[in-house]
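Here's the structure we're looking at; comments come further down.
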Amino acid sequence: MVDNEPGVLSRVTALFSGRGFNIESLSVGETIDPTISRITLVTSGSPPIIEQIIKQLRKLINVIKVIDLTETAFVEREMLLIKVKAEAASRAEVLRIVDIFRCKVVDVSTHFYTIEVTGAEGKIEAILDILSPLGVEEVVRTGKIALARSKK
Amino acid sequence: MELSGAMILLESLKREGVEVIFGYPGAVLIDIYDELPKIGIRHVLVRHEQGAVHAADSYARASGKTGVVLVTSGPGATNTVTGIASAFMDSVPIVVITGQVPTEVIGNDAFQEVDIVGITRPCTKHNYLIKETANLAKVIKEAFHLASSGRPGPILIDLPKDVIKGVVDFKYPRSVSMRSYKPNYEAHPRQINKAFDLLVKAKKPVIYAGGGVISSGAHQELRALAEKLSIPVTTTLMGLGGFPGTHELWLGMLGMHGTYRANMAVAECDLLVAIGARFDDRVTGNLEKFCPDADIIHIDIDPTSIKKNVEVSVPIVADCRNALVKILKVIDKESTPRKKLVRVAERKSWLDQIEEWKKTYPLSYEQKKDGPIKPQYVIEELYKQTEGKAIITTEVGQNQMWAAQYYHFTKPRTFISSGGLGCMGFGLPAAIGAQLANPNAMVIDIAGDGSIQMNIQELATAVENKLPIKVAIINNQFLGMVRQWQELFYDKNYSGTPMTGAPDFVKLAEAYGAVGLRAEKPSEVASVIKKALKTKRPVLMDFRVEPEECVYPMVPAGAATTEMLLA
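For the record, the sequence lines run as chains A and B. The opening residue of the first sequence carries number 1039 in my numbering; numbering runs sequentially from there. The opening residue of the second sequence carries number 411 in my numbering; numbering runs sequentially from there.
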């Protein structure tokens, strides 16, 4: 959770690049409090590295709170738009996969269908795997967002 | 009261207790300079913006106040980056105000425009671009709060010309509270008790103190702890003066060019008490071999410093003084005439071992009567004639290391040096800042012939402001420290290190209106220093020294701190 001010996202990403930490995905948006933004960031590293990353983030003046979701139960989602080849021969197969994965076709042309998928990591990996032999033309991803599960 | 941004800036600085601004004007700042003479804050005009930042940095270190810099946009701002980086590495409280082009042309590649906020993001504690005059007072209050609290650091405020000209109602905030910034000063009682247990159990303890002790004003508590439990003390370069260099428990500085006994004591201790220090690579040498058998207590106000480089048994996130006061309370409570906390015979054996190390490999050099002047001799003579009471600023390299080794500092805020960044050109403007903070003190910059040329233009600032600083140039006609590495590890391949073409420093001093003195023989050193100290004007002393002298001990890169090269 960070102050919703210009430049704050820059500070967070510069921290990672400046210290050689890696960002695997990043998503940011306003919260219900318009003065606070929420950044959801995926990174990896050994436990001492993760500890340093969390401490360095907390040290940034504009960072209000840092939560490490890895150790807790959480819900995560990511959305993708996938442009896949849909020639006469493979069209039906694409539609069948769309149906199985319960996603949507949001664009249609003679050669390509664009599919909108939302899901947790497992579902995303699976559909990309299945579609790959059919010919994936382009993919755009939002990056993961997540919330801790409520305590019972 | 309706005021312009320029007046709001100056009135706010006044309310923060600012007495000196180090600055250099420019196109976007003229409105501020127009109001400056009326406000009653002294403005010191430097000759290069880098000099302004180093001077403000040193002023802050010498006085404990926050240093203030005022420079213009574009090149004025970029010239401050080196100084800001040095203040950032050494955690010094300064506020740097840079003028900026008007908000409507930002991003348009305007004349003298740079994204200084973007450029200094990684080397400031925090920075601001002010877009509305209405926010100016609040930002200044925040800036001074951030600069001097928690772990201090440089704050940059980028101030566009239209914001300077804008007129709004001025009300200086009475207090500041930031939800995203709450440093922890109070040491946790459980951690204090754990630390106490380790302290009384230890057979061979060592205290390793750094710049944090000085920032925190904890030097008396440090001394009390050392004396009550008879623990020997070493400090980093930044910590010199935090413990008296003449005390019987003093080990000398530790690290790459630290004393033999300091490095050995740290290597063989069973308890290392780290106070306000960050386990920098100059101190630890090879991390895997650093302090192999010791428990470590680490007191630091910055949580990111703890467990960054070394595993720690008792981490204490707190202000140094706060933590030490609490530890001392426990010690006082637990020690009674019947229950002594120190096992005297055991401690004596540890201190005797340290004395043995000191006798075996003391700091040493040989000054022959008719040989070339030895650099160490110059430092020792300076120490003698100033009775150890001067404020010493240094440049970087061999001159800096010899100053740290041979001048024995007994008070905090008397040794001012660019430690973390190691910035040549720091010393002369630093001497100016320190002299302004302490008008009655003797201030001496110990320099090399390379370093002194990097900000030599600030001699004009010293002369113009009648600051009687002394500059001792250890002139070996080399880029000394690099030459030393080339001698020891690169077969004396002196590539890029011989420095001929330096000016006649005596004539140069006189050209600036200062006094120039030279010593070429050992017999001339004492009288040159005596004359300089008596002269109530800025003095440059050119000491022509042995060109190929090395700083010893030396821990080579990658080696353990016990693997020191000795003379």
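Glycine included, every Cβ here is placed at the ideal spot set by N, Cα and C.
Interface flag, residue i vs chain D, CB-CB below 7 Å
i, result
"B/Ser626", "Absent from the structure is chain D; the protein chains it does hold are A and B."
Below-7 Å beta-carbon distance, residue i vs any chain B residue
i, result
"A/Gly1056", "yes"
"A/Ile1105", "no"
"A/Lys1123", "no"
"A/Ile1102", "yes"
"A/Ala1111", "no"
"A/Ala1126", "no"
"A/Ala1052", "yes"
Proximity below 7 Å, CB of residue i to CB of residue j
i, j, result
"A/Lys1142", "A/Leu1172", "no"
"B/Ala416", "B/Glu459", "no"
"B/Asp572", "B/Thr513", "yes"
"B/Val623", "B/Gly655", "no"
"B/Pro839", "B/Ala465", "yes"
"B/Gly890", "B/Gly830", "no"
"A/Ile1102", "B/Arg589", "yes"
"A/Thr1078", "A/Ala1184", "yes"
"B/Gln845", "B/Ile789", "no"
"B/Asp855", "B/Ala841", "yes"
"B/Phe554", "B/Leu413", "no"
"B/Ile516", "B/Asp467", "no"
"B/Lys978", "B/Gly651", "Chain B is shown from 411 up to 977; residue 978 of chain B falls before or after that span and cannot be answered."
"B/Met909", "B/Gly860", "yes"
"B/Thr543", "B/Ile526", "no"
"B/Asn875", "B/Gly835", "no"
"B/His667", "B/Val961", "yes"
"B/Met974", "B/Pro963", "yes"
"B/Pro570", "B/Gln510", "yes"
"B/Tyr670", "B/Trp760", "no"
Contact with chain A by residue i, beta-carbon distance below 7 Å
i, result
"B/His708", "no"
"B/Thr714", "yes"
"B/Arg731", "no"
"B/Arg671", "no"
"B/Arg633", "no"
"B/Tyr816", "no"
"B/Pro583", "no"
"B/Tyr443", "no"
"B/Ala532", "Checking the sequence, you will find Pro at residue 532 of chain B rather than Ala. Yes, because at least one Cβ of chain A sits closer than 7 Å to the Cβ of B/Pro532."
Closer than 7 Å at the beta carbon, the chain A residues around residue i
i, result
"B/His536", "Ile1099"
Near the ligand NAP: residue i beta-carbon under 6 Å from a heavy atom
i, result
"B/Thr972", "As far as ligands go, the structure on display features none, and thus does not contain the ligand NAP."
Residue i - DSSP class collapsed to helix/strand/coil
i, result
"B/Asn696", "coil"
"B/Pro352", "Past the edges of chain B, shown from 411 to 977, lies residue 352 of chain B, and the structure says nothing about it."
"A/Glu1062", "coil"
"B/Ser827", "coil"
"B/Ile451", "coil"
"B/Gln460", "helix"
"B/Gly627", "coil"
"B/Leu682", "strand"
"A/Glu1132", "What sits at residue 1132 of chain A in the sequence shown is Val, not Glu. Correct three-state label for A/Val1132: helix."
"A/Ala1184", "strand"
"B/Val935", "helix"
"B/Tyr618", "strand"
Chain-ordered chain B contacts of residue i [CB-CB under 8 Å]
i, result
"A/Glu1089", "Lys717"
"A/Pro1086", "Lys717"
"A/Arg1049", "Arg531"
"A/Asp1041", "Ser590"
Under 7 Å by beta carbon: chain B residues contacting residue i
i, result
"A/Lys1093", "Pro713, Thr714"
"A/Gly1083", "Near A/Gly1083 there are no residues of chain B at all, since even the closest Cβ is about 14 Å away, more than 7 Å."
Per DSSP, cross-strand counterpart(s) of residue i
i, result
"A/Tyr1151", "A/Val1122, A/Val1146"
"B/Trp660", "B/Val643"
"B/Lys880", "B/Ile854, B/Val949"
"A/Ile1138", "Answer is none; A/Ile1138 lacks a bridge partner."
"A/Glu1068", "A/Ser1075"
"B/Thr803", "B/Ile826, B/Asp855"
"B/Gln510", "B/Pro570"
Closer than 8 Å at the beta carbon, the chain A residues around residue i
i, result
"B/Tyr591", "Ile1099"
"B/Val527", "Gly1045"
Neighbouring residues, chain A, relative to residue i (Cβ below 9 Å)
i, result
"B/Gln773", "The sequence given here places Leu at residue 773 of chain B; Gln does not occur at that position. None at all; the shortest Cβ gap to chain A is about 37 Å."
"B/Leu556", "Ile1099"
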